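Chemist: Protein chains in written order, with our numbering: chain B, 1 to 144; chain R, 145 to 288.
What follows is a single structure, and I will ask about it in a moment.
2 protein chains.
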Amino acid sequence: MFLGEYRHSIDTKKRLSVPSKFRRELGGSIVLTRGLDLSLFLYPREEWERIAQKLSALPAGQAATRGFVRLMLAGAEEIALDVLGRILIPEHLRTYARLRQQVIVTGVYNRLEIWDEQLWNGYKKKVEKDADMLAEKLGEIGAF
Amino acid sequence: MFLGEYRHSIDTKKRLSVPSKFRRELGGSIVLTRGLDLSLFLYPREEWERIAQKLSALPAGQAATRGFVRLMLAGAEEIALDVLGRILIPEHLRTYARLRQQVIVTGVYNRLEIWDEQLWNGYKKKVEKDADMLAEKLGEIGAF
DNA sequence: ATGAAAGTGGGGATAAGTGGGAAATTTAAA
DNA sequence: TTTAAATTTCCCACTTATCCCCACTTTCAT
Chain B
1 MFLGEYRHSI DTKKRLSVPS KFRRELGGSI VLTRGLDLSL FLYPREEWER IAQKLSALPA
61 GQAATRGFVR LMLAGAEEIA LDVLGRILIP EHLRTYARLR QQVIVTGVYN RLEIWDEQLW
121 NGYKKKVEKD ADMLAEKLGE IGAF
Chain R
145 MFLGEYRHSI DTKKRLSVPS KFRRELGGSI VLTRGLDLSL FLYPREEWER IAQKLSALPA
205 GQAATRGFVR LMLAGAEEIA LDVLGRILIP EHLRTYARLR QQVIVTGVYN RLEIWDEQLW
265 NGYKKKVEKD ADMLAEKLGE IGAF
C-alpha cells in the first residue's frame with residue numbers, strides 16, 4: 001500500500017524523481033495515466049492491466065462510453081524508471097495536469113498521484129472545508 | 145497492449161511515421177481501416193482478422209448492419225512499414241479522416257488510432273466535459 | 001560529525017522523427 | 001509502342017528528443 005506525501009520538482013528535461021520509498025513496490029514496469037481532478041495516476045503494471053481490461057470490456061457501441069475508454073487508454077503511457085528512479089512525463093499528460101516545476105507525489109492505497117503543487121494546496125483547502133460532511137459519510141460506511 | 149498519445153506529421157509524400165514504441169508490437173503485417181468518429185484504425189494483421197470475422201458474423205438481415213459491415217471491410221487496406229517505420233496513407237482513407245499535416249497517433253488497447261490533430265483536440269474537450277459522469281462510471285466498474 | 005542514501009542538474013552518445021534527392025515503377029497520354 | 005508525367009521506393013542527411021552516465025548537493029541515520 002502506498003502512503004505519504006512528497007514534494008518533488010520536475011527538472012528542465014521533464015524528469016521527475018519517484019520518491020524512493022515507493023520504488024520497490026512499484027516494480028520495474030509502470031503505467032502513468034490521466035487521473036481525476038487534474039492529477040496523474042501512477043500504477044504498477046499489473047494493477048493497471050486490471051483496469052485496462054475492465055475499460056476495454058465496456059460496450060463500444062455507445063459514443064459516450066467509447067469516448068471515455070479512448071481518453072483513458074490513450075491518456076496512459078507505459079514508462080520506465082531511469083537508473084536513478086526518475087520518470088519522464090509525456091507532454092500531453094504534463095499539460096493535462098497543469099504541472100509546473102513543483103509537484104506533489106502522494107500515495108493513495110493502490111496508486112501514486114502526481115499533482116501540481118498549487119492545485120494540490122487548493123484542492124486540500126476545498127476538501128478540508130467539507131471535512132464535516134465527509135466525516136458523516138465515513139461514519140455511515142462504518143469507518144472509524 | 146498499445147497505450148499513449150503521439151503527435152506526428154504527414155509529410156509532402158503522404159508518409160506518416162508510426163511511433164517507434166508501437167512498431168515491435170504491430171509486427172510486419174498491418175491493416176489500416178476506416179475507424180469510428182472520423183479516425184483511422186491500425187491493426188496487427190491477426191487482430192484484424194479476428195475483428196473481420198466478428199463483423200462478417202453479424203446478422204446480415206438488417207440493411208444498416210449490412211452497410212456498416214461492408215464499409216468497414218471494404219475500407220481496409222493491408223499496408224507495410226518502410227525501412228524507417230513509416231506508412232503511406234491511401235487517398236480515400238486520408239480524405240475520410242480529414243487528415244491534414246499534423247496528426248495524433250494513439251494507442252487504444254488492441255489497435256492504434258490516427259486522428260487529425262484539430263479533430264482530436266476537439267473530441268477530447270467534448271469528452272472531458274462529461275468528466276463527472278466518467279468518474280461515476282469508473283466507480284461502477286471498480287477501477288481506481 | 002561522518003557516511004550513506006536520495007534528490008537534482010547537466011554533458012554527450014544514441015535513437016527517433018522529419019525532409020528531400022534520385023532511381024525505379026506505374027499510369028496516362030501521344 | 002513510345003514518351004511523358006506522376007507516384008512510389010530507396011537512400012541519405014539534418015534536427016530534435018531521449019537515454020545513459022557522472023557529479024554535486026541535500027537530507028537522514030548512525
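Just so it is clear, CB atoms sit at the ideal spot from N, CA and C, and this is done for glycine as well.
All values derive from a computational prediction rather than experimental measurement.
(1) How big is the Cα-Cα spacing for S9 (chain B) and R15 (chain B)?
(2) Assign E280 (chain R) to one of two classes, buried (16 or more other C-beta atoms within 10 Å of its C-beta) or exposed (fewer than that).
(3) Given this structure, state the Cα-to-Cα distance separating F166 (chain R) from I79 (chain B), to the nearest angstrom.
(4) Starting from F2 (chain B), trace the beta strand (DSSP E) both ways and give me its first and last residue.
(5) Whole-angstrom Cβ separation of E113 (chain B) and G35 (chain B), contact assumed at under 8 Å?
(6) Would H92 (chain B) be called buried (16 or more neighbouring beta carbons within 10 Å of its own) or exposed?
(7) Compare the C-beta of R70 (chain B) against all C-beta atoms of chain R and say whether one is closer than 8 Å.
(8) Within 10 angstroms of the Cβ of M72 (chain B), are there 16 or more other Cβ atoms? Answer buried if so, exposed if not.
(9) Kindly list, in the order they appear in chain B, the residues whose Cβ is closer than 9 Å to that of D274 (chain R).
(10) Got a sec: is the Cβ-Cβ distance from S56 (chain B) to anything in chain R below 8 Å?
(11) Check the Cβ of A52 (chain B) against every Cβ in chain R and list those closer than 7 Å, keeping chain order.
(12) Are L263 (chain R) and E221 (chain R) closer than 8 Å when you measure CB to CB?
(13) Cβ atoms of A74 (chain B) and G148 (chain R): under 8 Å apart, would you say?
(14) Could you compute how far the alpha carbon of Y96 (chain B) sits from the alpha carbon of I104 (chain B)?
(15) Which residues in the same chain have their Cβ closer than 7 Å to the Cβ of R98 (chain B), if we skip the five residues on either side of it in sequence?
(16) Counting only beta-carbon atoms, is A97 (chain B) nearer than 8 Å to chain R?
(17) Pull up the distance between the alpha-carbon of T106 (chain B) and that of F2 (chain B), whole angstroms please.
(18) Give me, in chain order, the residues of the same chain whose beta-carbon lies closer than 8 Å to that of T209 (chain R); leave out the 5 immediate sequence neighbours on both sides.
(19) Consult DSSP for V83 (chain B) and reduce its assignment to one of helix, strand or coil.
(20) Using 10 angstroms around the beta-carbon of V69 (chain B), count the other beta-carbons present and answer buried if the total reaches 16, otherwise exposed.
(21) Under 8 Å between the Cβ atoms of Y43 (chain B) and R94 (chain B)?
(22) Among R:E191, R:K269, R:I231 and R:S161, which residue has its Cα nearest to the Cα of V252 (chain R)?
(23) So what does DSSP say about G107 (chain B), is it helix, strand or coil?
(24) Roughly how many angstroms lie between the CA atoms of Y150 (chain R) and K268 (chain R), to the nearest whole one?
Modeler: Result, derived from the coordinates:
(1) C-alpha separation (whole angstroms): 8 Å.
(2) E280 (chain R) should be labelled exposed.
(3) Straight-line spacing of the CA atoms in F166 (chain R) and I79 (chain B) works out to 13 Å.
(4) Per DSSP, the continuous beta strand (DSSP E) segment holding F2 (chain B) begins and ends at F2 to S9.
(5) For a cut-off of 8 Å, the C-beta gap from E113 (chain B) to G35 (chain B) is around 6 Å, short enough to register as a contact.
(6) Looking at its Cβ environment, which holds 16 or more other Cβ atoms inside 10 Å, H92 (chain B) is buried.
(7) Yes - at least one Cβ of chain R is within 8 Å of the one on R70 (chain B).
(8) By the 16-neighbour rule on beta-carbons within 10 angstroms, M72 (chain B) is buried.
(9) The contacting residues are A64, G67 and F68.
(10) Among the CB atoms of chain R, one or more fall inside 8 Å of the CB of S56 (chain B).
(11) Correct list: M145 and Y253.
(12) No, these two residues do not count as a Cβ contact at 8 Å.
(13) A contact, by the Cβ cut-off of 8 Å.
(14) Straight-line Cα distance between these residues: approximately 15 Å.
(15) Counting only residues of its own chain and dropping the five nearest sequence neighbours on each side, R98 (chain B) has a CB closer than 7 Å to the CB of L38, D116 and L119.
(16) No, its Cβ sits nowhere closer than 8 Å to a Cβ of chain R.
(17) C-alpha separation (whole angstroms): 8 Å.
(18) Closer than 8 Å at the Cβ level, and outside the excluded window around T209 (chain R), lie L202 and P203.
(19) Under the three-state reduction of DSSP, V83 (chain B) is assigned to coil, being neither helix nor strand.
(20) Taking all protein chains in view, the Cβ of V69 (chain B) is crowded by 16 or more other Cβ atoms within 10 Å, so the residue is classified as buried.
(21) Cβ atoms of Y43 (chain B) and R94 (chain B): not closer than 8 Å.
(22) Closest option to V252 (chain R), Cα to Cα, is R:E191.
(23) Under the three-state reduction of DSSP output, G107 (chain B) falls in the strand class.
(24) Between Y150 (chain R) and K268 (chain R), the C-alpha separation is close to 14 Å.
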